[in-house]
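Residue numbers (the numbering used here): 152 to 418.
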């Protein structure tokens with residue numbers, strides 16, 4: 152079997168039958184029995200807000216990329232093509248939820264109220280990180296691949312022990328979301344985070360954005376099955392979502408965050 156055929160078997164071009172999609176690439180709304188109820192609650196104004204968010208994030212990302220190439224920033228990791236996944240998941244969070252990003256969650260940062268200028272300052276080298284993590288409930292960017300999943304799991308176990316989960320109080324119950332990429336899924340830190348989250352039923356959602364290449368290594372050299380199926384080995388479910396569908400990303404993330412806050416644990 153050639154490399155291209157192996158790749159098609161791991162990640163079908165259409166996402167496969169299990170992929171959650173509510174809006175096609177042509178902009179047509181499609182039905183899904185599990186997520187229609189959540190999607191139908193989204194107002195026209197909110198949908199327009201999602202679009203506005205994505206446009207702003209794309210514009211800021213393009214400008215920052217240009218600044219980095221001009222030598223004005225020490226580093227900038229583009230979020231090009233991941234705006235829908237980040238805005239959809241970011242808008243699904245409640246104020247008390249806490250996000251642990253990698254180094255490219257610029258869309259999530261925007262949704263959590265981080266000033267884009269503070270992102271630029273961080274990549275320009277400010278010593279204080281750029282923003283107050285506890286003010287925004289958005290951790291500083293993590294450069295070490297996969298390390299943030301451990302931080303997220305530990306924080307989730309902490310709020311679990313503080314009884315900030317499963318109380319039934321919508322203003323108190325919180326969940327944690329950890330972002331990482333397909334390449335990070337092969338890191339030992341991520342595997343350890345999955346183990347601790349699974350065993351302790353921690354209220355954490357692991358959000359993998361799969362661009363199918365990591366930094367330089369294609370999927371077929373990293374795994375034999377789709378990433379979302381690997382969750383079963385750790386004792387929690389995984390869901391494949393069309394990352395270019397902001398509505399589907401919002402609906403699925405909202406569902407699993409609600410489950411985590413209710414005490415149903417890792418997703």
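Positions of the beta carbon are idealized from the N, C-alpha and C atoms, including for glycine.
Contact check, residue i vs residue j, beta carbons under 8 angstroms
i	j	result
residue 380	residue 386	no
residue 237	residue 258	yes
residue 212	residue 230	yes
residue 396	residue 235	yes
residue 208	residue 282	no
residue 289	residue 225	no
residue 317	residue 360	no
residue 407	residue 392	no
Continuous beta strand (DSSP E) stretch holding residue i: start and end
i	result
residue 401	Taken as a continuous stretch (DSSP letters only), residue 401 belongs to no beta strand (DSSP E), being part of the alpha helix (DSSP H) at 397-410.
residue 329	327-332
residue 172	Neither: residue 172 is in no beta strand (DSSP E) and is coded neither H nor E.
residue 360	355-360
Residue i - DSSP class collapsed to helix/strand/coil
i	result
residue 180	strand
residue 250	strand
residue 387	coil
residue 346	helix
residue 392	strand
residue 186	coil
residue 206	helix
residue 231	coil
The alpha helix (DSSP H) enclosing residue i, as first and last residue numbers
i	result
residue 236	234-242
residue 260	257-262
Supposed close pair residue i, residue j - CB separation, criterion 8 angstroms
i	j	result
residue 250	residue 328	5 angstroms
residue 378	residue 336	6 angstroms
- [ ] Starting from the N-terminal side, write out each stretch of the beta strand (DSSP E) that is 3 residues or longer and does not extend beyond the segment 258-319.
- [x] Within the segment 258-319, no beta strand (DSSP E) run of at least 3 residues lies entirely inside it.
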